[in-house]
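Residue numbers (the working numbering), protein chains in the order written: chain A, -10 to 326; chain B, 801 to 1115; chain C, 2 to 148. We treat Cβ as the ideally placed atom computed from N, Cα and C, and that holds for glycine.
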Amino acid sequence: MKHAGIVKKSDFITWLASREAVITSERLIRRHKELVSSVSAMEVRNVKETVFPGFGTLFSYRWEDRRWIIEDIPVTAKKCTVLVHPCEATALNEVLDRVFMNGEHPERDYEKLRSSLELVTIACEEPESTCFCRMVGGDPFRRVPDTLFVVPLEDRLYVECEEPNVWELWKKCVKVPSEVEKEIAEKEKKSREALPDPPLSEEVPEQLYRLFEDEEWDNIAWKCLNCGACTYLCPTCYCFDIHADGRLKGYQLRSWDACMFPRFTLHASGHNPRPGYRERVRQRVLHKFSYFPMREEGRFGCVGCGACVEVCPVNWDIREAVQRMVKKSGAGYARSS
Amino acid sequence: MYEDKIRKIAWDLLEKGNVDFIIGWEKGSLPFLTAPLICRDVAETERLVWNPFCANNLARYLKYYKGGKEKIALCVKGCDARAVSVLLREEQIERERLVLIGLPCHGLINPKKLLENFPDITPGEVEWEEGILRIRGKEENIVHLLEGSCTRCRYPDPPIHDFLVGEKLGEGYAESSEVEDMLEYYDKMSTEEREEFFAREMERCIRCYACRNACPLCYCQECFAESTRPSWVSPAPLAFDNLLFQLGRTMHMAGRCVECGACGRSCPVEIPIDILPEKVAESIRKEFGFESGLDTGETAPLLTYREDDQEDFIK
Amino acid sequence: MKTLDWEPKIVAFLCHWCSYAGADLAGVSRMQYPPNVRVIRVPCSGAINPLYIFKALREGADGVLVSGCHPGDCHYISGNYYARRKFMVMKNLLEWLGFEPERVQFSWVSASEGQKFSQVVEEVVESVRSLGPARKMIKEFSFDVRR
Ligand code: SF4
Ligand code: SF4
Ligand code: SF4
Ligand code: SF4
Ligand code: SF4
Ligand code: FES
């Protein structure tokens, strides 16, 4: 059930200030400074840092009295309110959660950090030149499940959620006047139209898979530097590496890793199944646009936030790559939307 | 028009079969960006561009072709050509396999600075023709928009080239009194401020290795930073390890770095990391009178010595 | 951060032919020098990679001493001349970045200079002691970005 309401901006800010901790993403601050400027919000470059940080300790170990002593280091998680855009909320809700919390063996630390978050999704009125959420099933006004959906208006906010009881803010909300409803619908339409890339069709994952051996990958991949900028700043990339730091005493660390690095797939024998830029770039594209959706009921592993496009030192644009391959595969775009 | 000349040269080279492909820049998918382009087909040469947003040092791509047979035409700015010259000196590629399209460079524009100085500017409003920058129809001085490394440029003309498109410029912005040298800003800091600054920057580093991978002279098969036996630095982006990675890399650049700034420009979290190798390049210039990449026959300063080298720091 | 029972740990990279022999001489001649140094023998000062020094600091050394033959005496003729250039560049960089110069020190000690060796070690240990433990090198881990 959808519940909608209107709340004064000042009430929203007061509510935020009353939260234990507030986190926002860099792109949100760029666009909605006014919402968080008076709250001491922590800024993250990439929303996945809140649940899957760049590095962390798993346990400590030391050699003592001729035996190893291992001590668990559980994470401490504070309750946090996270203000993000729909793509970022989707990344947590529909990609990372599926990876780390699905099934019988949820990842302990992830689960703990994740369950301490409450997500507030701020709709995007002005998509940037790097945005392409629509292409991968998103929308600048997407109501991401289990989040509070917010559209900032002049001095009020339009708020929408499924479960009003869990949001304290709801007490301050009043009924939505019909002219506001219209305004929202217009904004929604306008914003959607600002995103030129239409949604990819359902066949894309399977069709791309067939192009595994295609030689076009060579041309697509050539300019890529094989660095970690795109994957490290991608909100859905979840690969990590585990390593011990210290010989007789130290920590077991976990840190981000990336399929773009040659060492990522290097075997102990010296053999590397992904020896060149071609294989590595193909992996990144296919993982997000083929393997992941084939396994996860069509959910693309990319949320279209454009972070990778923004940071790439050689302007390697994943939209171009995908569109080129999709065209080649003949899969095309979904008709509806 | 310079771009036309470049395309013409590229076209001829491919058409005559003198080279297998051309490496240059094309228009990027975002405003004020270009992307590296490889043209194997004459038709693709139409996409080549040349403007103050051609930030990538294309000499970086030569490592793919080490030991191969391909003949390669490469578009080179002053610093790119210096990097090629170092690669030649280090025998990473053969001169016979290269055709260098030299481009005297007026300096790169930092897109951030451009947007700061001209809010809401769109690409259509920026024109660039033969060294003259016009913004919204008005002629503007590029010096306020320069990338950090360009403020210290001493060799805007490619020291080695086979073609030269445009007039030689003679001297770079290092000579100009209008431009503040990027390093001066950091030199002016007190040691404590600098220490503090680097500590903060190193906390932000995510160890993506974009800086290393963008550098034309970091061509090692296995970088010390990723070696596991021995492991020199932790693969985790711990601040101190980040610093050690940068120190190690900077030491590997000593006497080799051509001060192109490609490393700094490639950083996704905007750490001006090129100041470290450039600082070392400066100290090598001062101590040994050596500048890298000007002459392919030179001996790198750390591969030689003088008996009377300074040693007052040694007990 | 100085604690009462803290003793500086110094890693010393000594070239096999001169400084290591010098240290040996200091030992057999029963010269006193502080026990804070951990000696690592290397073939020649020219073989010392700056990474060795960085790694030592990373693993918890409070200071590093690098020592080789006097200029002209290198067993491999010129290793120490190369080393001298390399270390000068490195030292300039480290100091510019705000590393205390005392943390990484250099000396020439010949095989017959047992006396000089013990004196150099003494100086290095005392200067590092007065700086205190290497603060910035202490690794701090935190799993939670929301700490
Ligand atoms: S696509 Fe860009 S950011 Fe990603 S690895 Fe390649 S060069 Fe780096
Ligand atoms: S991709 Fe852009 S428009 Fe779409 S949800 Fe993300 S920030 Fe908003
Ligand atoms: S490019 Fe920037 S973030 Fe990446 S490793 Fe280099 S300094 Fe660190
Ligand atoms: S270290 Fe940086 S400035 Fe120096 S050559 Fe490499 S990329 Fe250019
Ligand atoms: S940092 Fe050093 S080891 Fe790594 S690629 Fe560059 S030159 Fe090679
Ligand atoms: S052998 Fe002692 S410095 Fe070379």
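Quiz item: Cβ atoms of E870/B and R897/B: under 8 Å apart, would you say?
Solution: Yes; because the gap between Cβ atoms is below 8 Å, this pair is in contact.
Practice problem: Just tell me which of G972/B, K968/B and E929/B has its CA closest to the CA of L946/B. | Solution: G972/B
Quiz prompt | Cutoff 6 Å; reference I838/B; Cβ partners in own chain excluding five residues on either side | solution = F821 and I823
Quiz item: For ligand 8, is there a heavy atom less than 7 Å away from the beta-carbon of P1101/B?
Solution: No copy of ligand 8 occurs in the structure displayed; its ligands are ligand 1, ligand 2, ligand 3, ligand 4, ligand 5 and ligand 6 alone.
Quiz item: How is the beta strand (DSSP E) around Y755/B delimited, first residue to last?
Solution: One cannot answer for residue 755/B here, as it falls past the ends of chain B, which runs 801 to 1115.
Exercise. Measure from the C-beta of E1022/B to each C-beta in chain D and report whether the shortest distance is under 8 Å.
Key: Looking at the structure shown, chain D is missing, and the protein chains on hand are A, B and C.
Quiz prompt | Separation of C75/C from R1029/B, as counted between CA atoms | solution = Pairing R1029/B with C75/C, the inter-Cα distance amounts to about 29 Å.
Quiz item: Does the segment 1027 to 1043 of chain B come close enough to the segment 848 to 868 of chain B that 3 or more CB-CB pairs lie under 8 Å?
Solution: no
Quiz item: Using the rule of at least 16 other Cβ atoms within 10 Å of the residue's Cβ for burial, across every protein chain shown, is L237/A buried or exposed?
Solution: L237/A should be labelled exposed.
Quiz item: Which partner residues of C875/B appear in the DSSP bridge assignment?
Solution: I901/B
Self-check item: Proximity test, R252/A beta-carbon vs ligand 5 heavy atom, cut-off 7 Å
Solution: no
Exercise. Give a yes or no on whether the C-beta atoms belonging to K317/A and L200/A are separated by under 8 Å.
Key: yes
Quiz item: How big is the Cα-Cα spacing for Y53/C and Q196/A?
Solution: Going from the Cα of Y53/C to the Cα of Q196/A covers about 51 Å.
Exercise. Compute the minimum distance between the beta carbon of D880/B and the heavy atoms of ligand 4, and state whether it is under 7 Å.
Key: The answer is no for D880/B.
Quiz item: Would the C-beta of F55/C count as close to ligand 5, meaning under 7 Å from any of its heavy atoms?
Solution: no
Self-check item: Spatially closest choice to S27/A from V11/A, V303/A, L255/A and T119/A, by CA coordinates
Solution: Out of V11/A, V303/A, L255/A and T119/A, the CA that lies nearest to the CA of S27/A is found in V11/A.
Quiz item: Any residues in the segment 1056 to 1082 of chain B with a beta carbon nearer than 8 Å to a beta carbon of chain C? Which ones, in chain order?
Solution: Residues L1076, K1079 and V1080.
Quiz prompt | Distance between R20/A and T225/A (C-alpha atoms, nearest Å) | solution = Their backbone Cα atoms lie some 22 Å apart in a straight line.
Self-check item: Heavy atom of ligand 1 within 7 Å of L833/B beta-carbon
Solution: no
Exercise. With DSSP as the reference, label P75/A as helix, strand or coil.
Key: Secondary structure of P75/A (DSSP, three-state): helix.
Exercise. Go to W109/C, then tell me how far its beta strand (DSSP E) extends in each direction, as first and last residue.
Key: V105 to W109
Practice problem: Tell me whether E939/B sits in a helix, a strand or coil according to DSSP, three-state version. | Solution: strand
Quiz item: Is any heavy atom in ligand 4 found nearer than 7 Å to the beta carbon of S885/B?
Solution: no
Quiz item: Under the DSSP definition of a beta bridge, which residues are partnered with Q241/A?
Solution: Q241/A pairs with F48/A and A233/A.
Quiz item: Three-state secondary structure (DSSP) at D25/C?
Solution: helix
Exercise. Return the first residue and the last residue of the beta strand (DSSP E) that E149/A is part of.
Key: R145 to C150
Quiz prompt | Beta-bridge partners of Y322/A, as assigned by DSSP | solution = L189/A
Practice problem: Output the distance between the C-alpha atoms of A1081/B and A48/C, rounded to the nearest integer angstrom. | Solution: 22 Å
Quiz item: Which whole-angstrom value describes the C-beta separation of F48/A and I59/A, a residue pair presumed to lie in contact below a C-beta threshold of 8 Å?
Solution: 6 Å
Self-check item: Continuous beta strand (DSSP E) stretch holding Q65/C: start and end
Solution: Reading off the sequence shown, one finds Val at residue 65/C, where the question assumed Gln. Start and end: G64 to G69.
Practice problem: List the endpoints of the continuous beta strand (DSSP E) containing K(-3)/A. | Solution: H(-8) to K(-3)
Self-check item: Own chain partners of T119/A with C-beta closer than 6 Å, once the 5 adjacent residues on each side are dropped
Solution: G295, V298 and E299
Quiz prompt | Closest by C-alpha distance to G61/C, when choosing among Q120/C, G115/C, E8/C and V122/C | solution = E8/C
Practice problem: Would you decide whether F144/C is buried or exposed? Buried here means 16 or more other CB atoms lie within 10 Å of its CB. | Solution: Only weak support is given to the placement of F144/C: the predicted model assigns it a pLDDT of 39, under 50, and the question is left unresolved by the model.
Exercise. Check whether the Cβ of A855/B lies closer than 7 Å to any heavy atom of ligand 1, and answer yes or no.
Key: no
Quiz item: From E151/A to F41/A, what does the alpha carbon distance come to, in whole angstroms?
Solution: 27 Å
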